[in-house]
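Each remark here refers to the structure printed beneath this line.
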Amino acid sequence: MQAIEWADFAKVELRVGRIVTAEHFPEARKPAYKLLIDFGPDIGTRKSSAQITALYQPAHLLGKLVVAVVNFPAKQIGPIMSECLVTGFHNAEGHVTLCVPEHGVPLGTKLS
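Our numbering puts the first residue of the sequence shown at 847, with every later residue one more than the last.
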């Protein structure tokens, strides 16, 4: 594991957002959903693609708080421009489980 300086970590904008839409993304190379995430008035809404289809259904994602990196450059993924990276962990079967706050926090709150 490579050690980093605090200044390196401080550059990463990990923010809390709420999923407002989630739909299947059939154009993706691997099974994924297209997400629209609200990060509050200062950041606004951002689009993302997430390979979380093994453990989540679109209807159950609506309203869920997630942690995402919001300061990566936008990346073209098929027909959509992904504007943030939703975070998660691979479980023992290799499926992604979302990184979520345990309790409610204001949208846009930065991980500290």
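Backbone N, C-alpha and C fix where the C-beta goes; we use that ideal spot for every residue, glycine too. All values derive from a computational prediction rather than experimental measurement.
Apart from the five residues just before and just after Val951, which ones in its own chain have a Cβ nearer than 8 Å to its Cβ? Taking the first residue of the sequence shown as position 1, residue 951 is located at position 105. The answer, listed in chain order, is Val862 and Leu911.
With a threshold of 16 other CB atoms inside 10 Å of the CB of Glu939, please say whether the residue is buried or exposed. For the purposes of this step, residue 939 is identified with residue 93 of the sequence shown, where counting begins at 1. Counting Cβ neighbours within 10 Å, Glu939 comes out exposed, since fewer than 16 surround it.
Based on Cα-Cα distance, which residue from Phe855, Pro904 and Ala856 lies nearest to His870? Along the sequence shown, read from residue 1 onward, the residue named residue 870 stands at position 24. For the options Phe855, Pro904 and Ala856, the alpha carbon positioned closest to that of His870 is the one of Pro904.
Where do the N-terminal and C-terminal ends of the beta strand (DSSP E) with Leu860 fall, by residue? To locate residue 860, count along the sequence shown from 1; it is residue 14. Unbroken beta strand (DSSP E) run through Leu860: Leu860 to His870.
How would you label Val913, buried or exposed, when you count the other beta carbons within 10 angstroms and need 16 or more for buried? Here residue 913 is taken as the residue at index 67 of the sequence shown, counted from 1. Buried: at least 16 other Cβ atoms inside 10 Å.
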